[in-house]
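*Asks:* Residue numbers (the UniProt record's numbering): 1 to 199.
Following this line, the structure appears as structure tokens:
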């Protein structure tokens, strides 16, 4: 399947602004290296199990949930209390976006074998739009999008070290995304997705 870049020749984002915003260097290189090193050494990483096609499988990445309450009602993991570093990042993201988030999911991609399959993030309350702010530290990885109705409409965006990707509006309703496995050598990458969770 051919994938198209998300930017045109003038570096304009092809998807509408009401669906997505991308800022490559939201955090500078020094800040990004600091946060990457800190999270690698201090976050209580876990490898979780999920149901796929009526079969329980182990997720090909490590994760941790920090926030005010569980990410889902049926999630048995207790949320970890906000750290100073996460609160600093949260504050900067909220100041830029004008949004308020009460939880953050951290995903640790150890190398090119770690990935996340095609999916869309669920609404926290039925009928409300899901707004997610995604911060990337470490190895740049391709973030693929495809239209749920037409899989031929597919884009790829390289999420760079220190970048912010804001997904908003009806993006989760009509599009799904993934981080594919890579045969190329890959270093560690940590992704933070700030969310508003209301049960």
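Glycine included, each C-beta is placed from N, C-alpha and C at the ideal position.
When the Cα of residue 22 is compared with those of 135, 172, 108 and 130, which residue comes out closest?
*Replies:* The residue labelled residue 22 in the question sits at position 22 within the chain shown. The option with the nearest alpha carbon to residue 22 is 135.
*Asks:* Using DSSP with H/G/I as helix, E/B as strand and the rest coil, what is residue 63?
*Replies:* Start at 1 with the first residue of the chain shown, and residue 63 comes out as number 63. Correct three-state label for residue 63: strand.
*Asks:* Return the residue from the list 130, 198 and 187 that minimises the CA-CA distance to residue 175.
*Replies:* Sequence index remark: in the chain shown, residue 175 carries index 175 (1-based). The candidate whose alpha carbon is nearest that of residue 175 is 130.
*Asks:* Taking C-alpha atoms, which residue in 79, 160, 94 and 137 lies nearest to residue 36?
*Replies:* If you number the chain shown from 1, residue 36 lands on position 36. Nearest of 79, 160, 94 and 137 to residue 36, Cα basis: 137.
*Asks:* How far does the alpha helix (DSSP H) with residue 89 in it reach, from first residue to last?
*Replies:* Here residue 89 corresponds to residue number 89 of the chain shown, with the count starting at 1. Per DSSP, residue 89 belongs to the alpha helix (DSSP H) from 84-97.
*Asks:* Run the CB neighbour count on residue 61, radius 10 Å, all protein chains shown included, and call it buried at 16 or more, exposed below.
*Replies:* In the chain shown, residue 61 corresponds to position 61, counting from 1. By the neighbour-count rule (16 or more Cβ atoms within 10 Å), residue 61 is buried.
*Asks:* From the DSSP secondary-structure annotation, give me the bridge partner or partners of residue 133.
*Replies:* As a first step, residue 133 must be located in the chain shown, where it is residue number 133. Paired residues: 166 and 194.
*Asks:* When DSSP labels each residue in this structure, what does residue 32 get in the three-state scheme?
*Replies:* For this step, residue 32 is matched to residue 32 along the chain shown. Note: residue 32 maps to helix in three-state DSSP.
*Asks:* Taking only three categories from DSSP, how would you classify residue 172?
*Replies:* Taking the chain shown and counting its residues from 1, the one referred to as residue 172 is at position 172. The answer is helix: DSSP assigns residue 172 an H, G or I state.
*Asks:* For residue 104, which beta-bridge partners are listed by DSSP?
*Replies:* Counting from one through the chain shown, the residue named residue 104 turns up at place 104. Answer is 66 and 194.
*Asks:* From residue 183 to residue 63, what distance separates their C-alpha atoms?
*Replies:* The sequence position of residue 183 within the chain shown is 183, counting from 1. The sequence position of residue 63 within the chain shown is 63, counting from 1. Between residue 183 and residue 63, the C-alpha separation is close to 22 angstroms.
*Asks:* With distances taken from CA atoms, which of 17, 32, 18 and 19 is nearest residue 161?
*Replies:* Locating residue 161 in the chain shown gives position 161, counting from the first residue. Of 17, 32, 18 and 19, the residue nearest in Cα terms is 32.
*Asks:* Grouping DSSP H, G and I as helix and E and B as strand, with all else coil, what is residue 112?
*Replies:* Indexing the chain shown from 1 puts residue 112 at position 112. DSSP places residue 112 in coil when its eight states are reduced to three.
*Asks:* Any idea what DSSP makes of residue 38, helix, strand or coil?
*Replies:* Residue 38 sits at position 38 when you count from the first residue of the chain shown. Three-state DSSP puts residue 38 in a helix.
*Asks:* So, are the CB atoms of residue 108 and residue 141 less than 8 angstroms apart?
*Replies:* Numbered from its first residue, the chain shown carries residue 108 at position 108. Numbered from its first residue, the chain shown carries residue 141 at position 141. For residue 108 and residue 141, no; Cβs fall outside 8 angstroms.
*Asks:* Going by alpha carbons, who is nearest to residue 186 out of 163, 144, 114 and 122?
*Replies:* Along the chain shown, read from residue 1 onward, the residue named residue 186 stands at position 186. Comparing Cα positions, the closest option is 114.
*Asks:* Just to confirm the assignment, what range does the beta strand (DSSP E) spanning residue 144 have?
*Replies:* Working through the chain shown from its first residue, we reach residue 144 at position 144. Where residue 144 is concerned, the enclosing beta strand (DSSP E) stretches over 141-147.
*Asks:* Please report how far the alpha carbon of residue 159 lies from the alpha carbon of residue 55, in whole angstroms.
*Replies:* In the chain shown, the residue the question calls residue 159 occupies position 159. In the chain shown, the residue the question calls residue 55 occupies position 55. Going from the Cα of residue 159 to the Cα of residue 55 covers about 31 angstroms.
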